[in-house]
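Peer 1: Numbering (this note's numbering), first residue to last: 5 to 482. The structure is given below, and queries will be raised subsequently.
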Ligand code: FAD
Ligand code: SF4
Ligand code: SF4
């Protein structure tokens with residue numbers, strides 16, 4: 005092992021610099037700046053090159069982290085990039101938005117006594133550098149195959165599968181109802197976490213590799229699943245989950261109460277230069293408003309920070325559990341607090357006040373009770389603890405469920421779980437319909453980009469095996 009490594013004893017952890025709050029509040033550029041080569045090398049050299057690297061074990065893609073850290077520490081950046089991109093189709097995206105504290109970095113063994121290696125920031129640095137220096141080349145195959153695949157959904161799951169299958173030589177067609185590629189990476193996740201040119205340059209690369217994108221094409225409406233099955237040798241469903249969980253109660257139908265994804269999509273589209281009808285003065289813009297966001301997950305965090313950047317008069321986040329029990333990233337809570345967001349913990353909405361348009365949220369304090377069967381503490385309202393928050397815009401960020409896909413696709417034979425997610429054989433990734441595979445959120449329920457990439461890669465392998473086997477059977481039958 006080189007003397008360059010194991011520096012964690014001498015070198016403290018350094019995360020990439022954060023832009024000052026005064027600048028962050030004014031635009032949608034990323035919060036974190038990029039490492040320079042020196043910082044990336046020094047931080048990589050803190051790795052102790054574990055024999056059993058728990059960082060890799062807890063990375064959904066089993067990234068070969070110690071190897072690319074060592075190569076980075078040695079300044080062998082192109083090789084480091086090759087190793088990192090061998091297991092991940094979009095390392096620069098994961099480096100930016102994976103919840104590293106729960107995955108790789110949270111399981112870095114030096115974390116106990118010393119702070120973890122900053123794996124995500126190095127991963128991002130490597131691929132950004134690779135793009136700058138022209139090392140990222142379109143994944144064109146060496147040999148073309150005659151067979152074609154149809155992929156429904158251009159989110160990370162669909163795109164990872166498309167990339168893998170194209171590299172194997174298949175004719176790959178991706179269908180998406182949106183006008184841009186990226187799924188939630190383009191219209192859900194805001195630019196301050198993932199700047200849009202990062203997604204757009206991947207789109208350009210994939211198109212250059214020969215993947216054909218059919219945008220503005222909703223399967224189940226413009227084209228049926230049956231037509232796709234007839235057109236292609238195998239089909240992948242990677243349509244994500246989009247049905248927002250709703251909230252009832254008195255006043256829930258007032259104007260000014262909006263679903264989180266409508267709000268974030270309008271903001272992302274406006275940032276991309278699209279003409280979003282009524283955005284400047286409309287219900288989906290927080291400028292000058294008192295904003296209350298309901299929820300405690302990543303989507304809620306994205307809404308509060310978007311509202312700050314739109315120039316909201318005040319931003320409050322109402323969550324029924326406490327800071328320690330929220331599902332969203334604590335790093336993002338800290339960033340939002342720095343930017344002036346107020347978190348109202350242990351509080352739940354009971355009613356929405358207003359005459360036609362919302363003017364306030366009546367809420368009640370909650371306390372945490374005993375753990376339920378899942379181990380999570382139950383929440384109970386505290387009697388007589390009502391209070392009111394004034395609000396001109398209320399954003400509902402309570403999570404997402406799958407749409408009724410068998411209905412939308414007109415395929416009763418498409419089996420779903422009791423949660424409405426697609427049922428697949430977990431070895432073959434095939435749904436109940438022969439030759440139709442599924443991956444990403446539509447199988448897992450709302451999850452993470454890195455898991456969608458993992459599923460897309462695994463499904464691609466299984467689709468390849470299925471097509472090859474079907475071709476062999478067809479030739480034998482001739
Ligand atoms: P999606 O990304 O949802 O893509 C599905 C695609 O299918 C979409 O483009 C959609 O238009 C298309 N589609 C759907 N139905 C049809 C149809 N009938 N015909 C044609 N096309 C169709 N994850 C992280 O790892 N880190 C984060 O910081 C993070 N932040 C998030 C913030 C928000 C606001 C949200 C909502 C999610 C966030 N996630 C984050 C989760 C992550 O974005 C998803 O887990 C991931 O995008 C799922 O990938 P997917 O490919 O399964 O689906
Ligand atoms: Fe960590 Fe995500 Fe990168 Fe894996 S893909 S090493 S979990 S940042
Ligand atoms: Fe290096 Fe930490 Fe991974 Fe060990 S767990 S190989 S120290 S990054």
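Where is the CB? At the ideal position from N, CA and C, for every residue including glycine.
How big is the Cα-Cα spacing for residue 20 and residue 40?
Peer 2: The count along the chain shown starts at 1 and reaches residue 20 at position 16. The count along the chain shown starts at 1 and reaches residue 40 at position 36. Approximately 9 Å, taken between the alpha carbons.
Peer 1: Compute every distance between the C-beta of residue 91 and the non-hydrogen atoms of ligand 1, then say whether any falls below 7 Å.
Peer 2: Here residue 91 refers to the residue found at position 87 when the chain shown is read from its first residue. The answer is no for residue 91.
Peer 1: Would you give the residue range spanned by the beta strand (DSSP E) that residue 181 belongs to?
Peer 2: Here the question's residue 181 lines up with position 177 in the chain shown. Premise fails: residue 181 is in no beta strand (DSSP E) and is neither H nor E.
Peer 1: Ligand 3: which residues have Cβ under 7 Å from any of its heavy atoms, chain order?
Peer 2: Residues with a Cβ closer than 7 Å to any heavy atom of ligand 3, in chain order: 51, 52, 53, 54, 57, 58, 59, 60, 69, 70, 73, 111, 112, 113, 114, 120, 121 and 123.
Peer 1: In three-state terms, what does DSSP make of residue 299?
Peer 2: Looking up residue 299 in the chain shown gives position 295. Reduced to three states, the DSSP call for residue 299 is coil.
Peer 1: Along the beta strand (DSSP E) that carries residue 392, what are the first and last residues, could you check?
Peer 2: As a first step, residue 392 is located in the chain shown; it is residue number 388 there, counting from the start. Run containing residue 392: 381-394, per the beta strand (DSSP E) assignment.
Peer 1: Going by beta carbon distance, what residues of the same chain come within less than 6 Å of residue 274, once the five residues before and after it are set aside?
Peer 2: As a position in the chain shown, residue 274 is number 270, starting the count at 1. Closer than 6 Å at Cβ, skipping near neighbours: 280 and 283.
Peer 1: Between the C-alpha atoms of residue 313 and residue 250, what's the straight-line distance to the nearest angstrom?
Peer 2: Along the chain shown, read from residue 1 onward, the residue named residue 313 stands at position 309. Along the chain shown, read from residue 1 onward, the residue named residue 250 stands at position 246. Cα to Cα, the separation comes out at about 25 Å.
Peer 1: Is the region 163-171 close to the region 120-138, with three or more CB pairs under 8 Å?
Peer 2: no
Peer 1: With a threshold of 16 other CB atoms inside 10 Å of the CB of residue 320, please say whether the residue is buried or exposed.
Peer 2: In the chain shown, counting from the first residue as 1, residue 320 sits at position 316. Answer is buried; the Cβ neighbour count reaches 16.
Peer 1: Using the rule of at least 16 other Cβ atoms within 10 Å of the residue's Cβ for burial, across every protein chain shown, is residue 5 buried or exposed?
Peer 2: Position 1 of the chain shown, counted from the start, is the residue given in the question as residue 5. Its pLDDT being 47, under 50, residue 5 is placed unreliably by the model, and nothing is read from it.
Peer 1: For ligand 1, is there a heavy atom less than 7 Å away from the beta-carbon of residue 202?
Peer 2: What you label residue 202 is simply residue 198 of the chain shown in a count that begins at 1. Between ligand 1 and residue 202, a heavy atom-to-CB distance of less than 7 Å is absent.
Peer 1: For residue 303, I'd like the list of residues in its chain whose CB is within less than 6 Å of its CB, leaving aside the five on either flank, ordered along the chain.
Peer 2: For the purposes of this step, residue 303 is taken as the residue at position 299 of the chain shown. The residues are 264 and 401.
Peer 1: Which one or two residues does DSSP pair with residue 405 in a beta bridge?
Peer 2: In the chain shown, the residue the question calls residue 405 occupies position 401. In the DSSP output, where bridge partners are listed per residue, residue 405 has 247.
Peer 1: Alpha carbon to alpha carbon, how far is residue 383 from residue 85? Give it in angstroms, no decimals.
Peer 2: Counting from 1 along the chain shown, the entry for residue 85 is found at position 81. Counting from 1 along the chain shown, the entry for residue 383 is found at position 379. The alpha-carbon atoms of residue 85 and residue 383 are separated by roughly 46 Å.
Peer 1: In three-state terms, what does DSSP make of residue 291?
Peer 2: Locating residue 291 in the chain shown gives position 287, where the first residue counts as 1. Assigned with DSSP and collapsed to three states, residue 291 falls in coil, not helix or strand.
Peer 1: Can you list, in chain order, the residues of its chain with a C-beta nearer than 7 Å to that of residue 296? Leave out the 5 residues immediately preceding and following it.
Peer 2: Position 292 of the chain shown holds residue 296. Within the same chain, residue 296 has close Cβ partners 320, 322, 365, 393, 395 and 398.
Peer 1: What residues are listed by DSSP as bridge partners for residue 240?
Peer 2: Position 236 of the chain shown holds residue 240. Residue 240 is bridged to 155 and 441.
Peer 1: Does the separation of the CB atoms of residue 76 and residue 125 fall below 8 Å?
Peer 2: The residue labelled residue 76 in the question sits at position 72 within the chain shown. The residue labelled residue 125 in the question sits at position 121 within the chain shown. In this structure, residue 125 does not lie closer than 8 Å to residue 76 by Cβ.
Peer 1: Helix, strand or coil: how does DSSP classify residue 501 here?
Peer 2: The displayed coordinates of the chain run from 5 to 482. Any statement about residue 501 would go beyond what the structure contains.
Peer 1: Below 8 Å between beta carbons: does that hold for residue 161 and residue 444?
Peer 2: Counting from one through the chain shown, the residue named residue 161 turns up at place 157. Counting from one through the chain shown, the residue named residue 444 turns up at place 440. Contact: yes.
Peer 1: In whole angstroms, give me the CA-to-CA distance for residue 404 and residue 450.
Peer 2: Along the chain shown, read from residue 1 onward, the residue named residue 404 stands at position 400. Along the chain shown, read from residue 1 onward, the residue named residue 450 stands at position 446. About 7 Å.
Peer 1: How would you write the range of the alpha helix (DSSP H) that residue 499 sits in, first residue to last?
Peer 2: The chain is shown from 5 up to 482; residue 499 falls before or after that span and cannot be answered.
Peer 1: Closer than 7 Å by C-beta to residue 154: which residues in its own chain qualify, once you throw out the five before and the five after it? Chain order, please.
Peer 2: On the chain shown, position 150 is the one that residue 154 refers to. Counting only Cβ-Cβ distances below 7 Å, and skipping sequence neighbours, we find 177, 179, 232, 235, 236 and 239.
Peer 1: Taking the alpha-carbon of residue 484 as reference, which of 256, 200 and 158 has the nearest alpha-carbon?
Peer 2: This structure cannot speak to residue 484, because the chain is shown only from 5 to 482.
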